[in-house]
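Participant:
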Amino acid sequence: MRKLIIFAFIGFFAQLIDGSLGMAYGVTSSTLLLTFGIAPAVASASVHLAEVVTTAASGASHIKFGNVDKQAVFRLIIPGSIGAFIGACFLSQLPGDVVKPYIAGFLLLLGLFVFFRFLFQYEVKRQKQTLHLSRKQAIPLGLIAGFADATGGGGWGPIATPVLLSKKGISARKVIGTVDTSEFAIALSASVGFFIALGWEELNWTWVIALMIGGIIAAPIAAWLVKVLPPYLLGVLVGGFIVLTNARTILLTFQTPDIWIYLIYVVIFLLWISGIIFVISKNKRNKN
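Using the UniProt record's numbering, read the sequence shown as starting at 1 and increasing by one per residue.
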């Protein structure tokens with residue numbers, strides 16, 4: 001029973017972050033399952049099955065609060081679903097650990113760009129209410145993010161969110177809501193692929209249900225936070241989170257000593273907090 005409560009809490013916490021920042025449910029949940037000795041493919045399958053329900057709840061909540069660009073959702077879900085299905089079917093044969101550091105390096109740079117753009121260059125007047133995502137942009141983004149999501153247990157948000165936020169004048173609220181809503185189709189496609197490759201019997205349904213319950217409770221709270229938080233603050237929060245998570249991947253890849261990892265984490269965290277304080281103070285001064 002204690003383990004189920006822990007899993008439900010992790011599902012709640014992961015969905016609260018995912019729904020408010022546009023990423024991290026899969027990464028957080030997959031990491032937890034792997035610490036319990038579950039095989040990567042089974043862990044990813046369990047997370048994606050839980051996400052079918054949590055992303056449905058999250059998408060409905062974001063739509064209710066007006067956080068979604070529906071046209072962008074429709075353009076992302078088809079290539080994203082294809083990428084997720086392929087990634088799920090071939091997970092056991094893919095060198096995910098080899099590719100992961102390169103993706104992390106790209107996202108780290110993108111996270112820094114998003115962080116500093118919203119920190120210094122964000123202007124409310126230039127904020128767009130639609131993402132203006134063309135099919136030429138949506139197809140490669142959806143395929144890559146969906147593929148990475150299935151093979152890594154989480155990748156749709158960490159890739160799609162910073163790429164969309166890097167567009168000039170974009171609404172952080174619309175990006176987060178759109179990415180979270182479109183993730184339902186990606187989670188469903190990945191789950192179908194895992195069922196074909198693994199079968200139903202490999203899943204721990206008790207853990208999956210616990211993750212679902214926690215995520216369902218957190219979904220409307222996260223969507224409300226996205227609605228009420230200022231866009232510039234959302235951008236800085238997302239940018240800092242992207243840098244922090246991808247720095248971890250790179251440091252572990254190069255087998256960095258623990259003491260240096262902790263020091264780098266502290267520096268990143270302090271800079272992140274300083275950026276949050278700075279951007280709040282800056283916008284308060286502008287209002288006065």
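All C-beta atoms in this analysis are idealised placements derived from N, C-alpha and C, irrespective of residue type, glycine included.
Examine the Cβ distances between the stretch 263 to 276 and the stretch 213 to 229 and report whether three or more of them are shorter than 8 Å.
Facilitator: no
Participant: Let me make sure I understand the geometry here. Which of Gly155, Ala50 and Ser58 has the alpha-carbon closest to that of residue 303?
Facilitator: The structure shown has nothing for residue 303, since the chain only spans 1 to 288.
Participant: How long is the line joining the alpha carbons of Gln71 and Gly240, rounded to whole angstroms?
Facilitator: 28 Å
Participant: If you draw a straight line from the alpha carbon of Pro101 to that of Leu119, how long is it in whole angstroms?
Facilitator: C-alpha separation (whole angstroms): 26 Å.
Participant: Run the CB neighbour count on Ser281, radius 10 Å, all protein chains shown included, and call it buried at 16 or more, exposed below.
Facilitator: The Cβ neighbour count for Ser281, taken over all protein chains shown within 10 Å, is under 16; the residue is labelled exposed.
Participant: Compute the distance between the beta-carbons of Val52 and Ala187, then report whether it is under 7 Å.
Facilitator: yes
Participant: For the 8 Å Cβ check, are there 3 or more pairs between the stretch 67 to 87 and the stretch 134 to 153?
Facilitator: yes
Participant: Do the stretch 250 to 257 and the stretch 163 to 177 meet, that is, are 3 or more Cβ pairs less than 8 Å apart?
Facilitator: The stretch 250 to 257, when compared against the stretch 163 to 177, does not touch it at the 8 Å Cβ threshold.
Participant: In its own chain, which residues sit with a C-beta less than 7 Å from the C-beta of Phe113, not counting the 5 before and 5 after it?
Facilitator: Ser166
Participant: Secondary structure at Lys168, three-state DSSP: helix, strand or coil?
Facilitator: coil
Participant: Have a look at His132, Val192 and Thr245 and flag the residue whose alpha-carbon is nearest the alpha-carbon of Gly157.
Facilitator: Thr245
Participant: Note down the Cα distance separating Ile242 from Asn67, rounded to an integer number of angstroms.
Facilitator: Per the coordinates, the alpha-carbon of Ile242 lies some 21 Å from the alpha-carbon of Asn67.
Participant: According to DSSP, is Asp69 part of a helix, a strand, or is it coil?
Facilitator: coil
Participant: What distance in whole Å lies between the Cβ atoms of Val208 and Leu49, which are believed to be in contact at a cut-off of 8 Å?
Facilitator: 5 Å
Participant: Find the nearest neighbour of Val236 within the set Gly22, Leu16, Ala8 and Ala84, judged by alpha-carbon distance.
Facilitator: Gly22
Participant: Going along the chain, which residues of its own chain have a beta-carbon closer than 6 Å to the beta-carbon of His62, five neighbours each way excluded?
Facilitator: Val68, Gly177, Asp180, Thr181 and Ala223
Participant: Going by C-alpha to C-alpha distance, which of Ile261, Ser191, Ala148 and Gly80 sits closest to Arg135?
Facilitator: Selection Ile261, Ser191, Ala148 and Gly80 evaluated against Arg135 yields Gly80 as nearest (Cα-Cα).
Participant: Keeping to the same chain, check which residues put their C-beta closer than 8 Å to that of Leu110; ignore five residues upstream and five downstream.
Facilitator: Pro162, Val163, Ser166 and Ile242
Participant: Suppose you measure from the CA of Gly169 to the CA of Phe194; what does that come to, to the nearest Å?
Facilitator: 38 Å
Participant: Please report the Cβ distance between Asn204 and Ser46, rounded to the nearest whole angstrom; I am assuming they are in contact, meaning their Cβ atoms lie under 8 Å.
Facilitator: About 6 Å separates the beta carbons of Asn204 and Ser46, which is inside the 8 Å limit, making them a contact pair.
Participant: Which residues mark the beginning and the end of the alpha helix (DSSP H) in which Gly214 is found?
Facilitator: Trp205 to Val228
Participant: Going by the beta-carbon positions, is the gap between Ala190 and Ala84 smaller than 7 Å?
Facilitator: yes
Participant: Under the assumption that Ala150 contacts Gly11 (Cβ atoms under 8 Å), give the Cβ distance between them as a whole number of angstroms.
Facilitator: Not a contact, Cβ separation roughly 19 Å.
Participant: What three-state label does DSSP hand His48 in the structure shown?
Facilitator: DSSP, read as helix, strand or coil, puts His48 in helix.
Participant: By a C-beta neighbour count over all protein chains shown, 10 Å radius and 16 as the cutoff for buried, is residue 329 buried or exposed?
Facilitator: Not covered by the structure: residue 329. The range shown for the chain is 1 to 288.
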